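Heads up: the structure comes next, in structure tokens.
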């Protein structure tokens, strides 16, 4: 048995419907007697759960008892049925790496609305597990850095460097790093719309923020401490995957 | 049961943590919050040399770093600013300070990282329980409160139909908000009502809005824009269907997300919506008789000029 909203997990090629089939005198033809062809999986990664658990956010994956509340509550699942945290947690815990890789290109798209973590009766923090899995896919080289990851890295770089971010700089650097044009129609429409209403004083204030980035006073020691820590942690994660592959 | 007067007294002068968004794209929220504090005679003392709370982005890179960043803000609140209550209007900041409080109280590993980073950075390590983090909604609900607003505003927002939108970070996940869902007088994580209560006291007619705590896709506003546009369209169209003139917001990321993707939905998908977005502090400011420019309404992307004239809000 499986919940009706998860029927999409059955692959079309495994569905067998017979026009005319009688077994032991019972007619099993037609749609109501659809069979699902079994399949055998032989390639396991027995350390998969351990590897995901070593990534930031993944530590509680072992607590899952597969109730499916996360998928049921999920914001992204409602617009993309293939996005199924319960199923991925199952695959990870069973070590079905090749099955997981079929969905590798959408796992990063979790929007962190925390509906799953809110509802989870076992405190698995499925949102964290999604981030951990996306992280793992990148470290293993299965996916290129996602746009979301590039955004996170640029944001974190600014926070570590200055203690604060400047949002137009995040926008600008993100678009450049992901090779998107700054002059997209909707961004231009927004900019024009504001420019027409705002006083000159405001324009000057924005230019000022560009030239003199907001920063936290007395941040130098925190910057050094954070840089040391990040360096150390990256090393630990690479060792957990027994790989020397560089992050991103 | 909380002693209401003691709480009002405690929140009369608090540390104020604006955060990065309120210095930039969410400036109207900052300006209107300060304007209200001034009009009501409430004290806001900026957290001395504050830093970013870590937002969602740093948390995705490493949750322990985000906890340290938030713990530094709390440490600055207690040790550099001398306050025991910190008010954060931004849902992201509020959520992260709450999360740090929870993690430092419950997770020895995160506590060890925070201690190490704090001592290397040369400031006192924040200990769980030293400060109380509140949202701008908690602050106004406890200080001026509904009765105070009823008196001061004389139903100024009468005839204005409002959809109250709270977003994700103010209510989820439940475990970092131990004071919520505690019966009468407390906030609910599934049916939040503090903003509804305050605006209703100022005369507004709150519409029955089912997507109060739906997600706007703010995390991926730029990195997965089509998803964000779809999620925002759900919210905008539901607000219009429930008859709202305006969506009241209490988070700069949600607010900017709704504004930006309202434009994007029209440009990319040809779906035009007319509903206006205003921060709840801007609406309360108008109700208190503060001028729209002093509330930063002209710096919003969403153009509220017609609405203000039509509804005689200024």
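Protein chains in written order, with this note's numbering: chain A, 1 to 248; chain B, 1001 to 1314.
Don't be surprised by glycine CBs; every beta carbon is placed ideally from N, CA and C.
Keep in mind the model is a prediction, meaning the values are calculated, not measured.
Mind checking who residue i pairs with in its DSSP beta bridge?
i	result
residue 1278 (chain B)	B:1248
residue 163 (chain A)	Answer is none; residue 163 (chain A) lacks a bridge partner.
residue 1201 (chain B)	Answer by DSSP bridge pairing: none, since residue 1201 (chain B) is not bridged.
residue 27 (chain A)	A:22
residue 92 (chain A)	The partner list for residue 92 (chain A) (beta bridge, DSSP) is empty, contrary to what the question assumes.
residue 150 (chain A)	In DSSP, residue 150 (chain A) forms no bridge with anything.
residue 36 (chain A)	A:15
residue 1206 (chain B)	B:1162
Got a sec, what are the start and stop residues for the alpha helix (DSSP H) residue i sits in?
i	result
residue 206 (chain A)	200-211
residue 1165 (chain B)	It is not in any alpha helix (DSSP H) - residue 1165 (chain B) instead sits in the beta strand (DSSP E) that spans 1161-1165.
residue 44 (chain A)	Premise fails: residue 44 (chain A) is in no alpha helix (DSSP H) and is neither H nor E.
residue 1153 (chain B)	1145-1153
residue 1032 (chain B)	1027-1040
residue 1212 (chain B)	Counting along the chain, residue 1212 (chain B) falls outside any alpha helix (DSSP H), and DSSP gives it neither H nor E.
residue 9 (chain A)	Unbroken run through residue 9 (chain A): none, as it is neither H nor E.
residue 1063 (chain B)	1063-1075
residue 138 (chain A)	126-139
residue 1306 (chain B)	1305-1310
residue 72 (chain A)	69-73
residue 1225 (chain B)	1225-1241
residue 104 (chain A)	Residue 104 (chain A) -> no alpha helix (DSSP H), and no H or E assigned at all.
residue 1010 (chain B)	1004-1010
residue 214 (chain A)	Where residue 214 (chain A) is concerned, there is no enclosing alpha helix (DSSP H), given that its DSSP letter is neither H nor E.
residue 1293 (chain B)	Per DSSP, residue 1293 (chain B) belongs to no alpha helix (DSSP H) and is neither H nor E.
residue 1301 (chain B)	Neither: residue 1301 (chain B) is in no alpha helix (DSSP H) and is coded neither H nor E.
residue 220 (chain A)	220-240
residue 186 (chain A)	185-197
residue 1078 (chain B)	Premise fails: residue 1078 (chain B) is in no alpha helix (DSSP H) and is neither H nor E.
residue 1101 (chain B)	1091-1106
residue 116 (chain A)	115-119
residue 1019 (chain B)	1019-1023
Using beta-carbon positions only, say whether residue i and residue j come within less than 7 Å of one another.
i	j	result
residue 1213 (chain B)	residue 1246 (chain B)	no
residue 1258 (chain B)	residue 1277 (chain B)	yes
residue 1263 (chain B)	residue 190 (chain A)	yes
residue 112 (chain A)	residue 127 (chain A)	yes
residue 1134 (chain B)	residue 1040 (chain B)	no
residue 1126 (chain B)	residue 1080 (chain B)	no
residue 1169 (chain B)	residue 1261 (chain B)	no
residue 1060 (chain B)	residue 1167 (chain B)	no
residue 108 (chain A)	residue 148 (chain A)	yes
residue 1016 (chain B)	residue 1042 (chain B)	no
residue 1093 (chain B)	residue 1155 (chain B)	no
residue 1252 (chain B)	residue 114 (chain A)	no
residue 225 (chain A)	residue 1075 (chain B)	no
residue 104 (chain A)	residue 137 (chain A)	yes
residue 1248 (chain B)	residue 1211 (chain B)	no
residue 1101 (chain B)	residue 1128 (chain B)	yes
residue 1190 (chain B)	residue 1236 (chain B)	no
residue 1227 (chain B)	residue 1218 (chain B)	no
Residue i lies in the beta strand (DSSP E); which residues open and close that run?
i	result
residue 1088 (chain B)	1085-1088
residue 1043 (chain B)	1043-1046
residue 1015 (chain B)	1013-1016
residue 1135 (chain B)	1132-1135
What do you reckon, is the C-beta of residue i under 6 Å from a heavy atom of the ligand FMN?
i	result
residue 1132 (chain B)	With respect to the ligand FMN, the structure shown offers nothing to examine, as it has no ligands at all.
Would you mind giving the Cβ-Cβ distance between residue i and residue j, rounded to the nearest angstrom? I have them listed as a contact below 8 Å.
i	j	result
residue 1010 (chain B)	residue 1085 (chain B)	6 Å
residue 1188 (chain B)	residue 1179 (chain B)	Going by Cβ atoms, the distance from residue 1188 (chain B) to residue 1179 (chain B) rounds to 11 Å, so no, they are not a contact pair.
residue 1250 (chain B)	residue 1142 (chain B)	15 Å between Cβ atoms; not a contact.
residue 1345 (chain B)	residue 1269 (chain B)	As shown, chain B starts at 1001 and ends at 1314. That puts residue 1345 (chain B) outside it, with no answer to give.
residue 92 (chain A)	residue 133 (chain A)	7 Å
residue 85 (chain A)	residue 74 (chain A)	6 Å
residue 1035 (chain B)	residue 1294 (chain B)	5 Å
**Study point:** Any 3 or more C-beta pairs closer than 8 Å across the segment 1232-1241 of chain B and the segment 1185-1198 of chain B
**Key:** Using a Cβ-Cβ distance cut-off of 8 Å, the segment 1232-1241 of chain B and the segment 1185-1198 of chain B are not in contact, since fewer than three pairs of beta carbons, one from each stretch, lie closer than that value.
Review point. Given 8 Å as the limit, is there contact between the segment 1048-1055 of chain B and the segment 1063-1080 of chain B, that is, 3 or more CB pairs closer than that?
Key: The answer is yes - the segment 1063-1080 of chain B touches the segment 1048-1055 of chain B, with three or more Cβ pairs under 8 Å.
Point to revise | Cβ contact check for the segment 103-121 of chain A and the segment 61-74 of chain A: 3 or more pairs under 8 Å | key: Three or more Cβ pairs drawn from the segment 103-121 of chain A and the segment 61-74 of chain A lie within less than 8 Å of each other, which places the two stretches in contact.
Practice item. For the segment 213-240 of chain A, enumerate the residues whose C-beta is nearer than 8 Å to any C-beta of chain D, in chain order. Key: The structure shown contains no chain D; the protein chains it does contain are A and B.
Check your understanding: Looking at C-beta atoms only, is the number of pairs between the segment 96-113 of chain A and the segment 40-51 of chain A that lie closer than 8 Å three or more?
Key -> yes
Review point. Counting pairs of Cβ atoms below 8 Å between the segment 19-27 of chain A and the segment 1015-1025 of chain B, do you hit three or more?
Key: no
Point to revise | Sufficient close CB pairs (3 or more, under 8 Å) joining the segment 1197-1209 of chain B to the segment 1160-1174 of chain B | key: As far as the Cβ criterion goes, the segment 1197-1209 of chain B touches the segment 1160-1174 of chain B, which means the pair count is three or higher.
Check your understanding: Are there three or more Cβ pairs, one per stretch, closer than 8 Å when the segment 1288-1304 of chain B is compared with the segment 223-235 of chain A?
Key -> no
Practice item. Say whether the segment 166-186 of chain A touches the segment 208-228 of chain A, bearing in mind that this needs 3 or more beta-carbon pairs closer than 8 Å, one atom from each stretch. Key: These segments touch.
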